[in-house]
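Novice: Numbering (the numbering used here), first residue to last: 20 to 154.
Beta carbons: idealized from backbone N, C-alpha and C, even for Gly.
(1) For residue 138 and residue 146, what's the separation of their Cα atoms in angstroms?
(2) Look up residue 127 in the DSSP assignment and say whether it is helix, strand or coil.
(3) Checking 7 Å against the spacing of the C-beta atoms, do residue 108 and residue 38 come in under that value?
(4) For residue 96, does the three-state DSSP call read helix, strand or coil?
(5) Could you tell me if residue 46 is buried or exposed, where buried requires 16 or more neighbouring beta carbons within 10 angstroms of its beta carbon?
(6) Apart from the five residues on each side of it in sequence, which residues of its chain come closer than 8 Å, Cβ to Cβ, to residue 82?
(7) Can you grab the Cα-Cα spacing for the pair residue 30 / residue 50, in whole Å?
(8) Would you call the CB atoms of residue 36 and residue 85 closer than 7 Å?
(9) Check for me: the alpha helix (DSSP H) holding residue 61 runs from which residue to which?
(10) Might you give, ordered along the chain, the residues of its own chain that have their beta carbon closer than 7 Å to the beta carbon of residue 78, omitting 5 neighbours on each side?
(11) I need the DSSP call for residue 150, collapsed to helix, strand or coil.
Structure (structure tokens):
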């Protein structure tokens, strides 16, 4: 696998780390259906994170540890701020997963495309306008 492909996987992993951090904050500020969506998103991002860690280890590439904290762009004190963070998080991951797809093939590419689609769908569910090329 090329160095660029490994870099793309690493960036996607760092994005998934940030997403698991963000959804911890998001879940603390939303309720009802939004809390259910946040929990589902957290589970999905944890699974993607674990897949990426496995993939990088299998390639004998460096698996970076998660950071202690991530930049949320400001305080997350309200449900509206949490929702905005969810949209931002998902759209950022669309870009990460699209980059992985450009340097992957076969089932790995299919998985990257699926993750990008899931992130784009979640962004719209959180209130982002739909986009022809999200992220």
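Specialist: Looking at the atomic coordinates:
(1) Reading the chain shown from its first residue, position 119 is the one you call residue 138. Reading the chain shown from its first residue, position 127 is the one you call residue 146. Going from the Cα of residue 138 to the Cα of residue 146 covers about 13 Å.
(2) Here the question's residue 127 lines up with position 108 in the chain shown. Correct three-state label for residue 127: helix.
(3) In the chain shown, residue 108 corresponds to position 89, counting from 1. In the chain shown, residue 38 corresponds to position 19, counting from 1. Yes, these two residues count as a Cβ contact at 7 Å.
(4) Locating residue 96 in the chain shown gives position 77, counting from the first residue. Correct three-state label for residue 96: coil.
(5) Position 27 of the chain shown, counting from 1, holds the residue named residue 46. Buried: at least 16 other Cβ atoms inside 10 Å.
(6) For the purposes of this step, residue 82 is taken as residue 63 along the chain shown, with counting starting at 1. Correct list, in chain order: 32, 72, 75 and 76.
(7) Position 11 of the chain shown, counted from the first residue, corresponds to residue 30. Position 31 of the chain shown, counted from the first residue, corresponds to residue 50. In a straight line, the C-alpha of residue 30 is about 31 Å away from that of residue 50.
(8) Counting from 1 along the chain shown, the entry for residue 36 is found at position 17. Counting from 1 along the chain shown, the entry for residue 85 is found at position 66. Contact: yes.
(9) Sequence index remark: in the chain shown, residue 61 carries index 42 (1-based). Here the alpha helix (DSSP H) through residue 61 covers 51-77.
(10) Walking along the chain shown from the start, residue 78 turns up at place 59. Residues 20 and 25 of the same chain have their beta carbon placed closer than 7 Å to that of residue 78, with the five preceding and five following residues left out of the count.
(11) In the chain shown, the residue the question calls residue 150 occupies position 131. In this structure, residue 150 counts as coil in the three-state DSSP scheme.
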